[in-house]
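From first to last, the protein sequence lines are chains X and B.
Heads up, the first sequence is in my numbering, so the first residue is 1 and it goes up one at a time.
Heads up, the second sequence is in my numbering, so the first residue is 1001 and it goes up one at a time.
For each residue, glycine too, the CB sits at the ideal point set by N, CA and C.
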Amino acid sequence: MNRSRAILNKTAWAVFTILFVIVLNFFLFRILPGDPARAGMKDPRLKQEAIEALQVRFGLDKPVINCFDSLNPIKIGNCNVNPLETQFFIYIGNLFKGDLGISYDTNRPVSEMLSERLWNTILLIGAGQILSIILGMVFGILGAWKARTLVDYGSTGISLLFWSLPTFWLGIVLLFWGSANGFPIAGKATPGMSSYPLFQQWGDVLWHMFLPTLTYTIIFMGEYTLIMRSSLVDVLSEDYILTAKAKGVSAFQILKDHALRNAMLPLVTVIAINLGFTVAGAIQIESVFSWPGLGSAVFEAVERRDYPVLQGAFILIAVSVILANLLADLTYTYLDPRVQVE
Amino acid sequence: MSTEHFLEVQGLKKHFEAGRPALFSRDVQKVHAVDGVGFTLRRSEVIALVGESGCGKSTLALLLMGLEDPTAGTIKFEGQDITHLNDHERKDLRRKIQMVFQDPYESLNPTQTIEEIVTEPLVVHGFANVPDRRERVVKAMEDAGLKPAEVYMSRYPHELSGGQRQRVVIAAALVLEPEIILADEPVSMLDVSIRAEVINLLAELRITRQIAVIFITHDLGSVGFFADRVAVMYLGRIVEIGTMLEVLENPQHPYTKALISVIPVPNPRLRHERIILKGETPNPINVPSGCRFHPRCPVAIESCKASDPPMVTLSKTHQSACLLLVK
Chain X
1 MNRSRAILNK TAWAVFTILF VIVLNFFLFR ILPGDPARAG MKDPRLKQEA
51 IEALQVRFGL DKPVINCFDS LNPIKIGNCN VNPLETQFFI YIGNLFKGDL
101 GISYDTNRPV SEMLSERLWN TILLIGAGQI LSIILGMVFG ILGAWKARTL
151 VDYGSTGISL LFWSLPTFWL GIVLLFWGSA NGFPIAGKAT PGMSSYPLFQ
201 QWGDVLWHMF LPTLTYTIIF MGEYTLIMRS SLVDVLSEDY ILTAKAKGVS
251 AFQILKDHAL RNAMLPLVTV IAINLGFTVA GAIQIESVFS WPGLGSAVFE
301 AVERRDYPVL QGAFILIAVS VILANLLADL TYTYLDPRVQ VE
Chain B
1001 MSTEHFLEVQ GLKKHFEAGR PALFSRDVQK VHAVDGVGFT LRRSEVIALV
1051 GESGCGKSTL ALLLMGLEDP TAGTIKFEGQ DITHLNDHER KDLRRKIQMV
1101 FQDPYESLNP TQTIEEIVTE PLVVHGFANV PDRRERVVKA MEDAGLKPAE
1151 VYMSRYPHEL SGGQRQRVVI AAALVLEPEI ILADEPVSML DVSIRAEVIN
1201 LLAELRITRQ IAVIFITHDL GSVGFFADRV AVMYLGRIVE IGTMLEVLEN
1251 PQHPYTKALI SVIPVPNPRL RHERIILKGE TPNPINVPSG CRFHPRCPVA
1301 IESCKASDPP MVTLSKTHQS ACLLLVK
């Protein structure tokens, strides 16, 4: 099968998976114990009219799906509703318009809330990933090239340590260290910075990013170093490396042309999976450093039972995991000609 | 240039350190992979190096290629000592001595196309911009039996069969127009039906291109008909060397006799008694005293345990290391 068809095939599967997640996500939040219709409106002092007004505002007055007012299988509701008027189809329709509903907690549109949080997360994770990939590759290559020397033992040992550190613990340690050394330890910007020139605002954000990015980089750098090293050591012992040596290829060229491209494959997989999950996985770092990202938004939404925000965040996370995997698949077909789609 | 001294190997040794026998032991154990090998190779001569696995054949190949540094001994090529060369000096030599590895499934980079693989040696040795670069690649590929070359150029190794892959390996070795090809068990990973083709290919090359071939194998039967000379290795040493006819028809060393007796004979009426050696190849860390073959030798005498047999000259070309031949 040729390459463009393979790409098309994989993309189609990704789209199908995303559609499935969208449907699953809707029902997941309605099966959960603690009916979303009541979760936010438990206060006994609320008058009936007020509750109804709230239900109308959040669209909870409509049946979940035709015949079912709630997902209680025993209670059959009204079956004479236009399917397009049910919560499910309204949810789907709104989703394609980019409308994720309204937050129970802040009363603001979820899409608006999440998109500003998403950019903060992308900023933090992007910087952390790029740094940890670069450092991980450098130390991994160094370790493999100088395998079984002091350099190798040193870098492998430190990487193993970094990899095993609990994220929140490292975050707290760096937080203490940072606060003692004058680094900003919370938030994204100094309050009142908006009146300063733009480049100073950016500088301020970078300054605030320092500690969370450092934490993130340390945690992931260890993993990447270890994978890069072991994969490269494997490849360097392959016969085609010996063949290249016998051809007279220089050591640097062997590393560049023969070893790295083959050794990159496992790392690409891990990076892609991490990229997908870290949209969610930065929860610990974002919470420790009060970074206003998607992870802390999820954390806050859980605390406040803010179902629309959670629902929106879940879709965002699922889509990013699927897209990251698609990216890994596509990179693979480019890096390794042996990868074929059935 | 004298043809007698094309490639000359003397007393070549390679000992690998194998760690300590016990944690706090002082002495480091050594694997005597190659333990005093000497032979000469003439221009466009085919010499077969035969031995069991673990006898040091492949280490010998790596030593000759300069991919391992010998512990002792000398290698001379066209009269020039090439035992210890730096990378720069070694590079010129690599053009003249090329190697074909055992496993064509492992020795080709899976991410390169066949054209890239065969072109790479030219690029490495500074022929990247010669006008006939493509012709050279095509010629090497077609000489190696990949005809027409265009069909194979843009393919990847995984799209080829084992025999085709081994031809790619050979093409990549040919493209620099070497004078010696070192083939380390080039057919042992291939189907029997393809083995003859690859061996024929190597036999043709020595005629069409005057390439000398060092053919390393564990299978005496497969080299019989195209080698000029046969050297039999046992535990890091050559125990018998002679022309193909001398060694196959008139073997003198008991190890050679045993090897030849187990070559399968298709005609059941011509079958003879096989000499099955007892035990396994001894551990090359603790080489037996005296003659290193004596623990398995069917005709060993008491003095074999004590004295290491010298090479006995049986004819101008035939030599064998056995005490029973010393008169």
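Please classify residue i as buried or exposed, where buried requires at least 16 other C-beta atoms within 10 Å of its C-beta.
i	result
alanine 1014/B	Looking at the sequence shown, residue 1014/B is not alanine but lysine. Result: buried.
glutamine 200/X	exposed
histidine 208/X	buried
tyrosine 334/X	exposed
tryptophan 291/X	buried
proline 191/X	exposed
valine 1169/B	buried
asparagine 1336/B	Nothing about residue 1336/B can be reported from this structure: the residues present for chain B run from 1001 to 1327 only.
lysine 1316/B	exposed
glutamine 87/X	buried
valine 15/X	exposed
phenylalanine 1006/B	buried
lysine 188/X	buried
leucine 142/X	buried
leucine 19/X	exposed
cysteine 79/X	exposed
threonine 1313/B	exposed
threonine 149/X	exposed
serine 237/X	exposed
lysine 1057/B	buried
glycine 157/X	exposed
alanine 1183/B	buried
proline 308/X	buried
glycine 182/X	exposed
threonine 225/X	buried
Would you list the residues sitting across from residue i in a DSSP beta bridge?
i	result
glutamine 1010/B	Thr1074/B
valine 1037/B	Leu1012/B
lysine 1030/B	Glu1017/B
methionine 999/B	Summary: the structure shown does not reach residue 999/B, with chain B confined to residues 1001 through 1327, and so no result is reported for it.
glycine 1242/B	Val1230/B
arginine 1237/B	Tyr1234/B
phenylalanine 68/X	Ile65/X
arginine 1312/B	Note on residue identity: the sequence assigns valine, not arginine, to residue 1312/B. The partner list for valine 1312/B (beta bridge, DSSP) reads Ser1320/B.
isoleucine 51/X	None, per the DSSP bridge assignment.
threonine 1217/B	Val1050/B
isoleucine 102/X	Pro109/X
alanine 1212/B	Ile1180/B
glutamine 1080/B	Phe1077/B
Would you say the beta carbon of residue i is closer than 6 Å to some non-hydrogen atom of the ligand NAP?
i	result
tyrosine 1255/B	You won't find the ligand NAP in this model; it holds no ligand whatsoever.
Taking CB distances under 7 Å as the criterion, tell me whether residue i reaches chain D.
i	result
histidine 1015/B	In the displayed structure, chain D is absent; the protein chains listed are X and B.
- Task: Quick one: which residues of the segment 1104–1133 of chain B get their C-beta closer than 7 Å to a C-beta of chain X? List them in chain order.
- Result: Per Cβ criterion, the list reads Glu1106, Ser1107, Leu1108, Asn1109, Pro1110, Thr1111, Glu1120, Pro1121, Val1124, His1125.
- Message: Count Cβ pairs between the segment 1190–1210 of chain B and the segment 1036–1047 of chain B that sit closer than 8 Å; are there 3 or more?
- Response: Verdict: yes, contact present.
- Item | Contiguous beta strand (DSSP E) assignments of at least 3 residues, all confined to the segment 1044–1073 of chain B | Counting only runs of at least 3 residues, the segment 1044–1073 of chain B fully encloses the following beta strand (DSSP E) elements, listed from N- to C-terminal order: 1046–1050.
- Task: May I ask you to list, following chain order, the residues of the segment 235–251 of chain X that have a beta carbon less than 7 Å from some beta carbon of chain B?
- Result: Residues Glu238, Asp239, Tyr240, Leu242, Thr243, Lys245, Ala246, Lys247, Gly248, Val249.
- Message: To be precise: take each residue of the segment 258–269 of chain X, compare its Cβ to all Cβ atoms of chain B, and keep it if any distance is under 7 Å. Which residues remain?
- Response: Flagged, chain order: His258, Arg261, Asn262.
- Query: the segment 309–340 of chain X: which residues have C-beta closer than 8 Å to a C-beta of chain B, in chain order?
  - Reply: Within the segment 309–340 of chain X, Leu335, Asp336, Pro337, Arg338 place their CB atoms closer than 8 Å to a CB of chain B, listed in sequence order.
- Examine the Cβ distances between the segment 322–335 of chain X and the segment 1025–1040 of chain B and report whether three or more of them are shorter than 8 Å. When C-beta atoms of the segment 322–335 of chain X are compared with those of the segment 1025–1040 of chain B, fewer than three pairs fall below 8 Å, so the two segments do not count as touching.
- Query: What are the residues of the segment 1158–1181 of chain B that lie near chain X, defined by any Cβ-Cβ distance shorter than 9 Å?
  - Reply: Residues of the segment 1158–1181 of chain B with a C-beta less than 9 Å from any C-beta of chain X: His1158, Glu1159, Val1169, Ala1172, Ala1173, Leu1176, listed in chain order.
- With a floor of 4 residues, list each alpha helix (DSSP H) that falls wholly inside the segment 280–342 of chain X, ordered by position along the chain. If we require 4 residues or more, the alpha helix (DSSP H) runs fully inside the segment 280–342 of chain X come out as 283–288, 294–303, 307–335.
- Mind the definition here: the segment 223–232 of chain X touches the segment 284–301 of chain X only if three or more C-beta pairs lie below 8 Å; say whether that holds. Taking 8 Å as the limit for Cβ pairs, the verdict is that the segment 284–301 of chain X does not touch the segment 223–232 of chain X.
- Could I get the ranges of all uninterrupted alpha helix (DSSP H) runs contained in the segment 224–269 of chain X, with 4 residues as the minimum, in chain order? Entirely contained in the segment 224–269 of chain X, the alpha helix (DSSP H) runs reaching 4 residues are, in chain order, 239–247.
- Item | Cβ pair count under 8 Å reaching 3, the segment 1115–1126 of chain B against the segment 247–262 of chain X | Counting Cβ pairs under 8 Å, three or more are found: they touch.
- Task: Return the residues of the segment 1071–1095 of chain B that lie within a Cβ-Cβ distance of less than 8 Å from chain X, sorted by chain order.
- Result: Listed by position along the chain: Asp1087, Arg1090, Lys1091, Arg1094, Arg1095.
- Task: With 7 Å as the C-beta to C-beta threshold (strictly closer), list the residues of the segment 1207–1232 of chain B near chain X in chain order.
- Result: Correct list: empty, as no residue qualifies.
- Message: With three or more C-beta pairs closer than 8 Å as the rule, is the segment 1240–1258 of chain B touching the segment 1307–1325 of chain B?
- Response: Verdict: yes, contact present.
- Would you say the segment 1154–1167 of chain B touches the segment 1105–1116 of chain B, given that touching needs at least three Cβ pairs under 8 Å? Output reads yes: the segment 1105–1116 of chain B touches the segment 1154–1167 of chain B.
- Query: Is the segment 93–100 of chain X in contact with the segment 120–130 of chain X, if contact means three or more CB pairs nearer than 8 Å?
  - Reply: No, the segment 93–100 of chain X is not in contact with the segment 120–130 of chain X.
- Query: Are the segment 1259–1276 of chain B and the segment 1215–1226 of chain B in contact at 8 Å, needing three or more beta carbon pairs?
  - Reply: With the cut-off at 8 Å, the segment 1259–1276 of chain B and the segment 1215–1226 of chain B touch.
- Query: Which runs of the alpha helix (DSSP H) spanning at least 4 residues fall entirely within the segment 108–186 of chain X, listed in chain order?
  - Reply: Complete alpha helix (DSSP H) runs here, min 4: 110–145, 150–164, 167–180.
- Query: Can at least three beta-carbon pairs, one atom from the segment 210–219 of chain X and one from the segment 160–174 of chain X, be found at a separation below 8 Å?
  - Reply: Yes, they touch.
- Message: Using 8 Å as the cut-off, can you tell me whether the segment 1070–1077 of chain B makes contact with the segment 1267–1275 of chain B, which would need three or more C-beta pairs spanning the two stretches below that distance?
- Response: By the Cβ rule, the segment 1070–1077 of chain B does not count as touching the segment 1267–1275 of chain B, because fewer than three pairs are nearer than 8 Å.
- Are the segment 1075–1083 of chain B and the segment 1136–1145 of chain B touching, with three or more C-beta to C-beta distances below 8 Å? No contact exists between the segment 1075–1083 of chain B and the segment 1136–1145 of chain B.
- Relative to chain X, which residues along the segment 1288–1317 of chain B have a C-beta separation below 8 Å, given in chain order? Listed by position along the chain: nothing, the set is empty.
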